[in-house]
Structures are given as C-alpha cells and as structure tokens.
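Please read the structure below before turning to the comments.
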Amino acid sequence: MDIKINNLTHRYKPGTPFERLALKDVNLSIPSGSFLAVIGHTGSGKSTLIQHLNGLLKPSEGTIQVGDLTIAANEKKKQLKALRKRVGIVFQYPEHQLFDETVEKDVMFGPMNFGQSEEAARKTAREMVKLVGLPDEVLQKSPFDLSGGQMRRVAIAGVLAMQPEVLILDEPTAGLDPKGRKEIMDLFRALHDQRKTTTILVTHSMEDAAYYADHIVVMDKGSTYLEGTPAEIFDKRDELQAVGLDVPETVQFLLKWQELTSNPMKLSSFTIEETAKAIAADFGKGGSTC
Ligand SMILES: Nc1ncnc2c1ncn2[C@@H]1O[C@H](COP(=O)(O)OP(=O)(O)OP(=O)(O)O)[C@@H](O)[C@H]1O
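Following this line, the structure appears as structure tokens:
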C-alpha cells in the first residue's frame with residue numbers, strides 16, 4: 001500500500017502561548033513493500049510524523065494518503081478508524097499497553113474490536129503468538145507472568161493480529177538487551193520479507209537503520225533533511241554530523257564490506273562475529289580457488 005505525505009505541517013497547541021511547530025511542509029513517498037528507517041536528532045519530528053500515519057495526530061495543513069484513503073485536517077472519525085485498521089504501530093515499551101487477564105484475550109482484543117468473531121479471533125491469536133516465536137502454553141497465562149522479552153512479543157502479536165498492511169515501529173527494541181534486540185528486529189525483517197508489509201522504523205540506532213532498512217529519511221527541525229539508501233546516507237558523514245548524528249565505525253565497516261563484495265545480505269551490528277566469520281569464509285573460499 002503506497003503512502004504519500006503531501007505538504008504536511010503540524011502545530012501542537014495551536015493558538016496558545018505554547019504553540020509549537022513540529023513538522024513543516026514535509027513531502028515523502030513511501031512505496032508499498034518498502035522498509036524505511038526514519039532517523040534524526042531528538043525533537044526532530046520523527047514521532048510526530050509517524051503518528052499522522054495511523055490517525056493519532058491530524059495534519060494542521062497538508063494530507064496523508066495511505067492507499068486510497070486520504071486524511072486531511074478535520075478528518076472524520078470513520079476515516080481515522082479505517083486508517084488504524086490498515087496501519088499498526090508498535091510503540092516504545094508496547095508491553096505497557098497489555099491489560100487482559102490472559103495472553104489469548106489480549107491478542108484477541110484488537111481483531112474482535114474490528115469485527116472478527118470470537119472463534120476467528122481465537123484462531124488469529126494462536127497464529128500470531130506462534131509467529132512471534134512464543135509457545136502455545138503462554139496463551140492461557142497472564143501476560144504479567146511473562147518475562148520482559150516475552151511480554152514485548154505478546155504486545156507485538158496484538159498489533160500483528162490486526163493484520164496491518166503498514167507496520168510502524170517506534171523504537172521497538174527500547175530497553176531490550178542486544179540478543180533480544182536482534183531477535184525482535186530479525187522478526188520484523190522476516191515479516192517484511194515474507195509478507196511484503198510496508199515497514200517504517202523510527203530509530204536512534206544507526207546500525208538498525210543501516211542493516212534492516214532499504215531506504216532512510218533523516219529528519220531535522222521538523223523537515224526531511226536527507227533521503228536515500230543506507231549506503232548513500234551514511235556516506236554523508238559531514239551532513240549527518242551537522243545535525244548531530246554520527247556514523248558508527250561498525251556501520252562504515254559493514255557498508256564497505258557489502259560494497260566490496262556486492263553482498264546484499266543484511267548484516268547486523270549484533271552479529272559482528274558472524275560477519276567476521278563470513279569474511280573469513282570468503283577469504284577461505286578465495287584461498288582455495290587461487
Ligand atoms: N504533545 C506535545 N506538545 C507540544 N509539543 C510537542 C508535543 N510532542 C512533541 N512536541 C514537540 O514537537 C517537536 C518534535 O517532537 P517529536 O517527539 O516528534 O520528535 P522526535 O524526533 O520523535 O524526538 P525523540 O527522538 O526524542 O522521540 C519537539 O520540539 C517536541 O518538543
């Protein structure tokens with residue numbers, strides 16, 4: 001489902017002494033099936049931007065097109081509900097929104113709210129719990145008896161249960177350890193690859209942007225500042241530094257490796273050892289053929 005953001009401006013608390021211009025005249029096209037990372041210094045407007053994509057915020061000016069739905073200022077509730085069905089958001093610490101007495105009921109809530117029968121929602125819950133890598137046994141447990149990583153997966157299952165065509169991830173791995181971060185990001189990338197879900201990742205991690213996304217938008221002071229592939233963006237070190245962003249050495253190293261070997265594989269900063277092994281294996285192959 002293609003997304004087009006046209007001349008989007010957003011003001012918080014308009015007409016009050018606290019008015020704040022958070023987005024100004026943003027134009028962006030996100031083709032169906034892409035994996036976009038949105039990066040930028042704190043306060044640059046990333047969260048404000050993505051909250052427009054599922055109707056949590058309405059434009060002050062401009063429009064958002066998601067497939068055949070167009071959202072403008074003063075949009076009606078019905079349109080916003082239709083938008084929320086299409087666009088799912090995984091917020092930071094999504095487990096804070098878990099509330100039901102069992103995992104099954106929690107995951108069933110969204111689909112039933114959007115009209116699925118109880119039986120169909122139960123089936124969906126079972127499938128989604130499996131999809132996020134949890135065993136069937138958790139279905140009857142209280143979400144609050146699970147580990148932090150398991151709770152995060154349950155919350156993600158709840159978003160996926162709505163079968164969104166567009167998935168927005170707002171710092172979805174915040175607070176997880178490196179292993180947990182990699183598992184969750186790999187899960188999103190696999191979902192994207194298998195289901196062609198348009199995926200938009202808001203992140204402070206340059207590594208995640210470099211390794212998981214196909215395209216990057218850099219925000220600065222409420223506007224889009226740079227756009228391009230990870231290789232194009234991270235080649236612009238000076239421009240990035242000018243807006244307070246650094247390019248970690250791991251990112252430079254791995255992008256260089258991809259370029260040198262024309263290897264399209266997506267590497268993660270958490271898999272430096274695997275990368276080293278891949279390089280060693282490649283040298284090994286070279287050695288044996290020389
Ligand atoms: N509810 C609000 N009321 C008033 N101003 C707000 C509100 N939310 C955000 N802002 C302001 O809008 C601007 C953009 O904020 P936003 O949260 O979109 O940035 P961000 O890039 O997501 O930041 P971070 O990386 O810290 O999450 C900031 O100046 C912020 O202070």
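Take 1 as the starting number for the sequence shown in UniProt numbering and just add one per residue. Ideal Cβ positions, reconstructed from N, Cα and C, are used throughout, including at glycine. Since the structure is predicted, the reported quantities are computational estimates derived from the model, not experimental observations.
Asked: Any 3 or more C-beta pairs closer than 8 angstroms across the region 161-177 and the region 91-98; Found: yes
Asked: Neighbour-count burial assignment, S32, 16 or more Cβ in a 10 Å radius; Found: exposed
Asked: is_contact[H204, chain B] using C-beta, thresh 8 angstroms; Found: Among the chains in the structure shown there is no chain B, since it carries only a single protein chain.
Asked: Ligand 1 heavy atom lying under 7 angstroms from the CB of S60; Found: no
Asked: N- and C-terminal bounds of the beta strand (DSSP E) containing F35; Found: F35 to G40
Asked: Cβ-based burial, H96 [other Cβ within 10 Å; buried from 16]; Found: exposed
Asked: Cβ contact (3+ pairs, closer than 8 angstroms) linking the region 61-73 and the region 240-258; Found: no
Asked: Bridge partners - H10, DSSP secondary structure assignment; Found: L23
Asked: Any heavy atom of ligand 1 within less than 5 angstroms of residue CB: hits in chain order; Found: Y12, R20, A22, T42, G43, S44, G45, K46, S47 and T48
Asked: Bridge partners - S223, DSSP secondary structure assignment; Found: D220
Asked: Start and end residues, alpha helix (DSSP H) containing V103; Found: V103 to N113
Asked: Cβ-Cβ distance between Q65 and I3 below 8 angstroms; Found: yes
Asked: Beta-carbon contacts of E239 that lie in its chain and below 7 angstroms, excluding the five residues immediately before and after; Found: L226
Asked: Simplified DSSP state of T173, which is helix, strand or coil; Found: coil
Asked: Helix, strand or coil at residue 363 according to DSSP, with G and I counted as helix; Found: Because the chain is modelled from 1 through 290, residue 363 falls outside the range shown and cannot be assessed.
Asked: Neighbourhood of D136 by C-beta, 8 angstroms cutoff - its chain only, sequence neighbours within 5 removed; Found: R126, V129 and K130
Asked: Span separating the alpha-carbon of L146 from that of L36; Found: 31 angstroms
Asked: Segment limits, alpha helix (DSSP H) that includes G180; Found: P178 to R195
Asked: Nearest candidate by alpha-carbon position, reference P59, set V26, S117, R84 and G88; Found: V26
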